[in-house]
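Reminder that position 216 of the sequence shown reads as 229 in our numbering, one-by-one numbering, no gaps.
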Amino acid sequence: MRLSVVLSTHAASFEAVAFKGDFEANVAKIAGWGFDGVELAIRDPRLVDADELDRVVGGHGLAVPAIGTGQAWGEEKLSFTSDDASVRQAAIARIKSHIPLAARLHAVVILGLIRGITPPGQAHKRSMEYLIEAIRECAAAAVGTGVRFALEPLNRYETDLVHTVAEGLELAERVGAENFGLLLDTFHMNIEEPVIEDSIRACGDRIFHFHVADSNRWYPGAGHLDFKAILDTLAATGYQGFVSGEFKPLPDADTAAERSIRYLRKLCAN
Ligand code: LER
Ligand code: MN
14 MRLSVVLSTH AASFEAVAFK GDFEANVAKI AGWGFDGVEL AIRDPRLVDA
64 DELDRVVGGH GLAVPAIGTG QAWGEEKLSF TSDDASVRQA AIARIKSHIP
114 LAARLHAVVI LGLIRGITPP GQAHKRSMEY LIEAIRECAA AAVGTGVRFA
164 LEPLNRYETD LVHTVAEGLE LAERVGAENF GLLLDTFHMN IEEPVIEDSI
214 RACGDRIFHF HVADSNRWYP GAGHLDFKAI LDTLAATGYQ GFVSGEFKPL
264 PDADTAAERS IRYLRKLCAN
């Protein structure tokens with residue numbers, strides 16, 4: 014099993030000095046703990062020097078399995094489902110702008126909170142139509158590049174749009190694009206799925222990426238999820254991608270990362 018961890022790098026951290034300092038130091042630590050990859054949170058790819066990124070990440074022998082895009086919602090409120098057409102267009106343009114970097118890194122582009130939340134007064138059905146239009150446009154723009162998009166079902170406290178794997182699969186059916194699938198996250202699944210393993214099986218080859226956090230969103234092993242059953246089920250689907258740690262930096266980021274890889278490697282060895 015190939016393991017990665019999310020490097021939640023604020024956009025500013027990718028700029029000039031900070032990028033060369035903190036970013037490289039973090040990448041070196043992640044490689045040192047034995048991870049195979051680093052998942053990058055990138056608000057805007059224009060802020061990233063792709064050559065420098067390649068040098069740092071490749072230099073430490075790490076892959077970049079996925080690019081997270083949620084900061085564009087968190088910091089700029091870009092949303093596929095806004096009631097303002099210019100905001101929807103900006104969100105689509107932002108996601109399309111990730112395609113060249115994702116193609117270069119062979120990374121999946123994550124569609125998480127960029128889907129937004131239904132604005133007051135807008136029907137849920139309308140939001141879903143906007144969401145489908147936006148994903149179709151992004152997916153079409155990536156045809157021939159090898160880039161794939163993964164929408165992440167998120168728990169009900171974060172959005173009103175697509176909480177479960179079943180809803181995600183229905184969306185994938187409606188989008189109808191080969192390069193569109195789902196990102197499953199054990200933290201969200203623990204809240205929304207009746208039986209996590211059944212949902213993993215149902216998603217099968219539509220699993221394009223996978224996040225792990227324990228029930229309390231601490232590192233795997235710190236809560237009550239059955240990671241042995243979850244990861245065995247994931248492997249049985251034929252999933253070849255990365256299992257990416259996305260958890261709270263508690264008791265601190267370094268300890269969490271180190272404990273997570275120790276726990277997951279031991280689990281896989283048994
Ligand atoms: C992002 O991968 C995620 O899981 C969300 O909970 C972020 O808000
Ligand atoms: Mn996640």
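Just so you know, even glycine gets a beta-carbon here, dropped at the ideal spot from N, CA and C.
Problem - Under the three-state DSSP convention, the category E52 falls into - result: Three-state result, E52: strand.
Exercise for the section: Taking only heavy atoms of the ligand LER into account, decide whether any of them is closer than 8 Å to the Cβ of H224. Expected result: yes
Exercise for the section: With F255 as the anchor, note down where its beta strand (DSSP E) starts and where it stops. Expected result: 255-258
Problem - Host beta strand (DSSP E) of A163 (start-end) - result: For A163, the enclosing beta strand (DSSP E) begins and ends at 162-164.
Handout entry: Classification of S273 by the beta-carbon crowding that lies within 10 angstroms, buried from 16 upward
Key = buried
Exercise for the section: Could you pull out every unbroken alpha helix (DSSP H) segment of at least 4 residues lying fully inside the region 189-226, listed in chain order? Expected result: Restricted to the region 189-226, the alpha helix (DSSP H) segments that are unbroken, complete and at least 4 residues in length are 199-205, 209-216, listed in chain order.
Practice task
With a cut-off of 8 Å on the beta carbons, I'd call W86 and L126 a contact; round off their distance for me.
Solution key: 4 Å
Handout entry: For V122: DSSP bridge partner residues
Key = I80, F162
Exercise for the section: For E259, verify whether its CB is less than 8 Å away from any heavy atom of the ligand MN. Expected result: yes
Exercise for the section: With V18 as the anchor, note down where its beta strand (DSSP E) starts and where it stops. Expected result: 15-20
Handout entry: Among F36, W46, G45, nearest to L53 - alpha-carbon criterion
Key = F36
Problem - the ligand LER site residues, beta-carbon cut 5 Å against heavy atoms - result: G125, D198
Practice task
Look at the alpha carbon of S99 and the alpha carbon of N283, and state the distance between them as a whole number of angstroms.
Solution key: 52 Å
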